[in-house]
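Residue numbers (my numbering), protein chains in the order written: chain V, 14 to 128; chain Z, 27 to 144. A quick write-up on the structure given underneath.
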Amino acid sequence: AQSVAQPEDQVNVAEGNPLTVKCTYSVSGNPYLFWYVQYPNRGLQFLLKYITGDNLVKGSYGFEAEFNKSQTSFHLKKPSALVSDSALYFCAVRDRVSGNTPLVFGKGTRLSVIA
Amino acid sequence: GAVVSQHPSRVICKSGTSVKIECRSLDFQATTMFWYRQFPKQSLMLMATSNEGSKATYEQGVEKDKFLINHASLTLSTLTVTSAHPEDSSFYICSASGQGADSNQPQHFGDGTRLSIL
């Protein structure tokens with residue numbers, strides 16, 4: 014079975030400081046990993062994904078994530094947070110052999126960037 | 027590219043009413059669409075997976091007679107909440123995957139529908 018854990022319900026960071034939103038995963042084989050962002054009363058927007066290759070993945074709005082196979086983690090990072098980054102962030106996983114099946118999502122982490 | 031349009035964005039109606047929510051893929055053909063429900067401050071709960079031209083696959087605990095899903099074309103899926111009651115009030119989100127999509131492709135989401143049953 015596939016699962017995703019986002020251990021923090023809430024992350025607070027000052028504007029201009031680096032931010033990290035944590036994610037760990039569990040799959041039987043090799044994973045495809047995704048990060049999405051959700052603004053109030055909106056659907057999910059795709060930020061980035063890890064498929065293969067370089068463990069550091071760069072995505073939209075200056076976000077990046079690092080795949081760490083030994084720690085089964087895929088933490089989302091940004092060097093300098095903006096107030097507009099405040100939103101709900103979801104990590105998701107899919108096993109490589111599962112085909113076009115729905116992504117398995119974590120419970121989400123609410124990021125608040127304080128001016 | 028990969029735009030998913032969901033309509034309506036908000037519905038307020040009386041108890042007992044049936045409500046239809048549409049999900050359209052605007053610039054790609056969606057072989058598979060997913061319907062989610064999201065409660066306040068909670069994660070997404072997958073309700074069902076619909077494949078074009080076939081019956082939807084419902085997750086355990088989701089009443090198929092309550093939440094009717096139709097995926098009649100490669101660009102449109104509908105969710106009908108039949109005889110809605112206040113406990114059906116929620117944020118419903120659809121998602122689509124393209125035709126022939128591999129497992130490494132992201133799902134593309136609509137903007138959701140806020141359903142409020144009085």
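Virtual Cβ for every residue (Gly too), placed ideally from N, Cα, C.
- The C-beta of Z/L105 has 16 or more other C-beta atoms within 10 Å across all chains shown, which makes the residue buried.
- Residue-level contact check: V/Y52 does not touch chain Z, since none of the beta carbons of chain Z fall below 7 Å from its beta carbon.
- For Z/S51, the enclosing beta strand (DSSP E) covers residues 45 to 51.
- For a cut-off of 8 Å, the C-beta gap from Z/L52 to Z/V29 is around 4 Å, short enough to register as a contact.
- In this chain, the beta strand (DSSP E) harbouring Z/S76 covers 70 to 77.
- In this chain, the beta strand (DSSP E) harbouring Z/V107 covers 102 to 107.
- Residue range 116 to 124 is occupied by the beta strand (DSSP E) that includes Z/A122.
- Check the Cα spacing between Z/L94 and each of Z/H111, Z/Q86, Z/P112, Z/M73: the tightest is with Z/M73.
- The C-beta distance from V/D108 to V/L124 rounds to 27 Å, too long to meet the 8 Å contact threshold.
- Remark: C-beta atoms of V/G119 and V/Q19 approach each other more closely than 7 Å.
- DSSP places V/V17 in the strand class (E or B) of the three-state scheme.
- Within a 10 Å sphere around the beta-carbon of V/V70 sit 16 or more other beta-carbons, which makes this residue buried.
- When 7 Å is used as the limit between beta carbons, Z/T101 is near no residue of chain V, the shortest such separation being about 17 Å.
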